[in-house]
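Visitor:
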């Protein structure tokens, strides 16, 4: 299903039932209309990163989260493919490959730091991502970048960490995960 078809199929998202919460229907519909317009060239542009970073309020009787997230993944893939094609034609394959390679090396350098020192920590009284869990994922992603070990974009997109006092700073970890997704989509 193309990004435009996914956007058009928004009305078919199932709704959360009972006490379950889902994504706010109006917010999702508004974003999908914006994404469709951007994809068709009739609205302000969006990037794959914009799609990846969108967030919606959780409400009763909203759209089922997994259904919307799956659609957003397909839309992000479509925008990433378009960005890759544009970059290849505008800058040439050599420049594009060089940029992707540089991003990958920057991420690998971060992930190759010693365990427990890969990201800044929040203060002892604040909560951040669990260090051991982030380090485990970082090791796996480093092996992917170094040796090509099997990791999928969906695995990176869906990774979740528990919280701990004095853990890793969430924004830094999330930024590196986003960069890994960018690299993975660029080399698809």
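Residue numbers (my numbering): 206 to 393. Glycine residues also receive a C-beta, built at the ideal position from the N, C-alpha and C atoms. This one's a predicted model, so the numbers in the text were calculated from it and none came from an experiment.
(1) Per DSSP, what kind of secondary structure is residue 382 in: helix, strand or coil?
(2) Determine which residues share a DSSP beta bridge with residue 370 and list them.
(3) At what residues does the alpha helix (DSSP H) containing residue 362 begin and finish?
(4) Any contact of the segment 375-393 with the segment 283-302, i.e. 3+ C-beta pairs under 8 Å?
(5) Short check: CB of residue 316 to CB of residue 343, under 8 Å?
(6) Check whether the Cβ atoms of residue 220 and residue 269 sit closer than 8 Å, and answer yes or no.
(7) To the nearest angstrom, how far is the alpha carbon of residue 334 from that of residue 364?
(8) Between residue 165 and the rest of its own chain, which residues show a CB-CB distance below 8 Å, the 5 nearest in sequence each way excluded?
Guide: If we stick to the structure as given:
(1) helix
(2) 332
(3) 358-362
(4) yes
(5) yes
(6) yes
(7) 12 Å
(8) With the chain covering only 206 through 393, there is no way to say anything about residue 165.
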